[in-house]
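Peer 1: Residues 0 to 270 (numbering that gives the first Met the number 0) make up the sequence shown, in order.
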Amino acid sequence: MSQHREIPAVVRHLDRALTWITAGCVAAGLSGCGGVVPLPKSAAASLRDPPGSYGELVYTGAVVPRGGTTPVFRYERRVEERPDDLQRSTHVTLSTEGEVVLLQQATHTRDYELVRFDETSAQRGTVTTITVGADRSLTFRQEGAAKVVRKVEGGGDGGAPVVVGPTLFGFVRAHLAQLRAGNDVDVRFAVPEECRTYSFVLAMSTHDRGVTTITLTPSQVLLRLVISPMRIVIDDRTGNFTSYHGRVPPLLHGSSFDANVQYTYNGSAYR
Numbered sequence: 000m001s002q003h004r005e006i007p008a009v010v011r012h013l014d015r016a017l018t019w020i021t022a023g024c025v026a027a028g029l030s031g032c033g034g035v036v037p038l039p040k041s042a043a044a045s046l047r048d049p050p051g052s053y054g055e056l057v058y059t060g061a062v063v064p065r066g067g068t069t070p071v072f073r074y075e076r077r078v079e080e081r082p083d084d085l086q087r088s089t090h091v092t093l094s095t096e097g098e099v100v101l102l103q104q105a106t107h108t109r110d111y112e113l114v115r116f117d118e119t120s121a122q123r124g125t126v127t128t129i130t131v132g133a134d135r136s137l138t139f140r141q142e143g144a145a146k147v148v149r150k151v152e153g154g155g156d157g158g159a160p161v162v163v164g165p166t167l168f169g170f171v172r173a174h175l176a177q178l179r180a181g182n183d184v185d186v187r188f189a190v191p192e193e194c195r196t197y198s199f200v201l202a203m204s205t206h207d208r209g210v211t212t213i214t215l216t217p218s219q220v221l222l223r224l225v226i227s228p229m230r231i232v233i234d235d236r237t238g239n240f241t242s243y244h245g246r247v248p249p250l251l252h253g254s255s256f257d258a259n260v261q262y263t264y265n266g267s268a269y270r
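(1) State buried or exposed for residue 55, treating a residue as buried only when at least 16 other CB atoms are found within 10 Å of its CB.
(2) Return helix, strand or coil for residue 266, following the three-state DSSP convention.
(3) Alpha carbon to alpha carbon, how far is residue 250 from residue 94? Give it in angstroms, no decimals.
(4) Span of the alpha helix (DSSP H) holding residue 165?
(5) Just how far apart, CA to CA, sit residue 76 and residue 224?
(6) With a 10 Å radius around its C-beta and 16 neighbouring C-beta atoms as the bar for buried, classify residue 27 as buried or exposed.
(7) Span of the beta strand (DSSP E) holding residue 299?
(8) Could you check if residue 88 is buried or exposed, using at least 16 other CB atoms within 10 Å of its CB as the buried criterion?
(9) Can you pull the DSSP bridge partners for residue 189?
(10) Could you give the first and the last residue of the continuous beta strand (DSSP E) run that contains residue 99?
(11) To the nearest angstrom, report how far apart residue 237 and residue 181 are at their CA atoms.
(12) Can you give me the Cβ contacts of residue 150 inside the same chain, cut-off strictly under 6 Å, excluding the 5 residues immediately before and after it?
(13) Please report the distance separating the alpha-carbon of residue 74 from that of residue 62.
(14) Could you spell out the range, first to last residue, of the alpha helix (DSSP H) harbouring residue 221?
(15) Measure how close the beta-carbons of residue 197 and residue 217 come, nearest whole angstrom, since I'm counting them as under 8 Å.
(16) Tell me whether residue 37 is buried or exposed, calling it buried when 16 or more other Cβ atoms sit within 10 Å of its Cβ.
(17) What would DSSP say about residue 46, mapped onto helix, strand or coil?
(18) When you compare each of 60, 259, 269, 263 to residue 67 by their alpha carbons, which one comes out closest?
(19) Between 264, 215, 257, which lies nearest to residue 234 when the distance is taken from Cα to Cα?
(20) Would you mind sorting residue 69 into buried or exposed? The rule is 16 or more other CB atoms within 10 Å of its CB.
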């Protein structure tokens, strides 16, 4: 009987994971890569700001769907120094027509500990804010066209660090010596559209011929059934991240997808 009682919980957990993976219901009706859902009026203007207003360009990324050959999105990483000894890292994702479809901004320490995260998604029609407490507890606020969602997720002493797209690579670099020594690093990856985090493990996959590959793998067995390990490739000589392979934030034809992303640097090292 106990096994029968556990089945509904397993199904609910898998259903939540699949909601993240296949976000077609959220973006129903989108017919192309750059399709949009109406945003709250207060947020729509931010997507019209020129990318250069978000700081120095570090690199551009060409997003090619796994198994494909043609980029469907381009994104820019930009970094702005702040007077309070924090940094703001911004990822601007653009469609092939040059429209901004996703704006992600992370305020963090120089060791890439997240302080605040802001996301404006034209594809989902949402504006999401995450603030991190001193105990690594999280406060989520998401505004859509029809409602506002607020959630709190506990952290507690010793809680795993929280990472988001704009801080993931920097966090890896801050812990690279630990990873190369064979020690795994637990993180919580924040998923803005769900207003929650999922537990992941960073680990070194290979370190050979001047290239280090780090994997980011879901901790939960059920989530590993639907999310493949994400791979981050680093050039040991320059310390730069050269490619990424796995789930990406924008939607393609209304659904989440895996991609291969190649980075072209703007004449400076990663930061």
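The beta carbon of each residue, even a glycine, is placed where N, CA and C say it ideally should be.
Bear in mind that the values here come from a model prediction, so they are computed numbers and not experimental data.
Peer 2: So, to answer that:
(1) The residue is exposed, with fewer than 16 neighbouring Cβ atoms inside 10 Å.
(2) DSSP places residue 266 in coil when its eight states are reduced to three.
(3) Rounded to the nearest angstrom, the gap between the Cα atoms of residue 94 and residue 250 is 11 Å.
(4) Secondary structure note for residue 165: its alpha helix (DSSP H) is the uninterrupted segment 164-173.
(5) So the alpha carbons of these two residues sit roughly 30 Å apart.
(6) No answer about residue 27 holds up, because its pLDDT of 33 lies below 50 and its placement is not dependable.
(7) Lying before the first or after the last residue shown, residue 299 is absent from the chain, which here runs from 0 to 270.
(8) Residue 88 should be labelled buried.
(9) The partner list for residue 189 (beta bridge, DSSP) reads 196.
(10) For residue 99, the enclosing beta strand (DSSP E) begins and ends at 99-107.
(11) The straight-line gap from Cα to Cα measures roughly 21 Å.
(12) These residues qualify, in order along the chain: 139, 194.
(13) One C-alpha to the other measures close to 8 Å.
(14) Taken as a continuous stretch (DSSP letters only), the alpha helix (DSSP H) holding residue 221 covers 220-223.
(15) Rounded to whole angstroms, the Cβ separation of residue 197 and residue 217 is 6 Å, and the two are in contact under 8 Å.
(16) Burial call: exposed.
(17) Correct three-state label for residue 46: helix.
(18) Closest by alpha carbon: 259.
(19) Across the set 264, 215, 257, the C-alpha of 264 shows the shortest separation from the C-alpha of residue 234.
(20) Residue 69 is exposed by the Cβ-count criterion.
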